[in-house]
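Right, one structure below, let's go through it.
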Amino acid sequence: MLFDLHPKEDRKELFGRDKEIDYAISQLLSKNWLTIGGQREIGKTSLMKVVMNEMKKNYGFKGIYVNLRGVRNLSSLLKVILSEINNSKPSFKVTVKLNFIVGSAGIELKRGAKVVNSLIELFNSIEEDAVIGLDEVQEVSQASRQFLEVLGNVFASNPKVRFVFSGSYIGVIRALSNPSSSSPLHGRPPVLLNLRPFDEGTSRDFLRRGMEELNISFDKEDEVVKRLDGVVGWLTLFGNFYAVRKMSFETSMSSTIEEGKKIMIDEFKHFLEGKSNKRLYTTIMSVLKVVNAWKDVKRGVEIKLGNVDDKELSLALESLLNNNFIEKRKEGVYEIVDPILREIDYDKL
Ligand SMILES: Nc1ncnc2c1ncn2[C@@H]1O[C@H](COP(=O)(O)OP(=O)(O)OP(=O)(O)O)[C@@H](O)[C@H]1O
Ligand SMILES: [Mg+2]
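Using the numbering used here, the first residue of the sequence shown is number 9, and each one after it goes up by one.
Laid out in structure tokens, this is it:
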């Protein structure tokens, strides 16, 4: 069902992403690693899960999917991966020796074993073609140097293992996909697949198909797309409110915007954490609701905050850009990407 709110797992439920699925599969079969990027609710987790299932079903791969939300260091990463390997059915062929013992409950870490070495050993002892999906990969960014070392080592040593990464923060995605010369992944970057919103036609077709599945007659596709744009997560949420929960059109729309706002406010606050000039960012966002050209943004920001250094403003815009909150339409013209982001009252954050 298209309006099911869970991440999709089956190719048949994933609307309008055939090209992306085929491309991802071809890359993994060619032994490239993959990074799935894109803004919140654009369908990253769904694409990852569908691709992993296709690899299992059609190509005999083993697969582990791990959501790293809340996994902040490599030691927790090791624990969740071990548990996934131990619980996977059919079981994985993993021949570990040094840092592990194989007991009745499966593979266990030896007391005192070093985390980085153990992770490397574990991944390198996988003896079958396997895809390891790490979702919300930004969460381990605090451990990113060591994390990259583990990955660099596995890439060089075990061609049977393919990683698929995903997350909505470009910072980590970029460290993975465009590694600097000092990075262990330098010269072996994962392929970047950046998910974009549906275009107008695809968004309308998505709504139409979802309604048809539930035998609901509906003719307001245009209005929905005008208000929610092509972000599939919001369209799905609207469809679920309207066609599954049977709410009225207006209530479905306002509930979608309310739910969406909660997600995006959290996301924006998370982005602001640890930044010393939070007011600059919130002010830029509220100014961008009204104007788009660099010099107008500057004027708008200065009306609220007083003088702002050109360089500081450009850096802040760059950072908003890198985190998928805004887009650069052309040189010097910026736009808020998601209609839900336009609904937020940034002065109150
Ligand atoms: N191509 C698609 N066809 C149908 N439904 C989709 C598609 N892509 C995503 N969805 C739906 O949209 C919602 C968001 O999808 P998903 O969780 O995969 O996105 P995400 O980018 O991982 O989001 P987040 O940034 O919150 O992690 C879910 O309800 C999912 O079922
Ligand atoms: Mg996700």
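Even glycine gets a Cβ: it sits at the ideal position worked out from N, Cα and C.
All values derive from a computational prediction rather than experimental measurement.
Confirm, please, whether the CB-CB distance from residue j to residue i is below 7 Å.
i, j, result
"residue 51", "residue 203", "yes"
"residue 269", "residue 348", "yes"
"residue 42", "residue 32", "yes"
"residue 75", "residue 144", "yes"
"residue 36", "residue 170", "yes"
"residue 239", "residue 40", "no"
"residue 208", "residue 265", "no"
What first and last residue would you give for the alpha helix (DSSP H) that runs through residue i?
i, result
"residue 249", "Unbroken run through residue 249: none, as it is neither H nor E."
"residue 267", "257 to 280"
"residue 238", "Neither: residue 238 is in no alpha helix (DSSP H) and is coded neither H nor E."
"residue 88", "82 to 95"
"residue 116", "That residue, residue 116, is in no alpha helix (DSSP H); its beta strand (DSSP E) goes 114 to 117."
"residue 329", "318 to 330"
"residue 160", "152 to 165"
For residue i, list the residues DSSP reports as bridge partners.
i, result
"residue 336", "342"
"residue 174", "44"
"residue 75", "143"
"residue 27", "According to DSSP, which records beta bridges pairwise, residue 27 is partnered with nothing at all."
"residue 200", "43"
With DSSP run on the structure shown, which of helix, strand or coil describes residue i?
i, result
"residue 102", "strand"
"residue 308", "helix"
"residue 50", "coil"
"residue 352", "coil"
"residue 223", "coil"
"residue 127", "helix"
"residue 298", "coil"
"residue 16", "coil"
"residue 122", "coil"
"residue 228", "coil"
"residue 70", "strand"
Taking only heavy atoms of ligand 3 into account, decide whether any of them is closer than 6 Å to the Cβ of residue i.
i, result
"residue 163", "Annotation note on ligand 3: not contained in the displayed structure, which lists ligand 1 and ligand 2 as its ligands."
Using only the alpha-carbon positions, how far apart do residue i and residue j sit?
i, j, result
"residue 305", "residue 103", "58 Å"
"residue 10", "residue 276", "28 Å"
"residue 333", "residue 291", "14 Å"
"residue 146", "residue 175", "6 Å"
"residue 284", "residue 233", "37 Å"
"residue 224", "residue 215", "11 Å"
"residue 24", "residue 108", "44 Å"
"residue 12", "residue 344", "27 Å"
"residue 221", "residue 93", "37 Å"
"residue 337", "residue 293", "16 Å"
"residue 63", "residue 318", "49 Å"
"residue 105", "residue 212", "55 Å"
"residue 313", "residue 206", "36 Å"
"residue 16", "residue 248", "14 Å"
Which residues mark the beginning and the end of the beta strand (DSSP E) in which residue i is found?
i, result
"residue 134", "Per DSSP, residue 134 belongs to no beta strand (DSSP E) and is neither H nor E."
"residue 111", "108 to 111"
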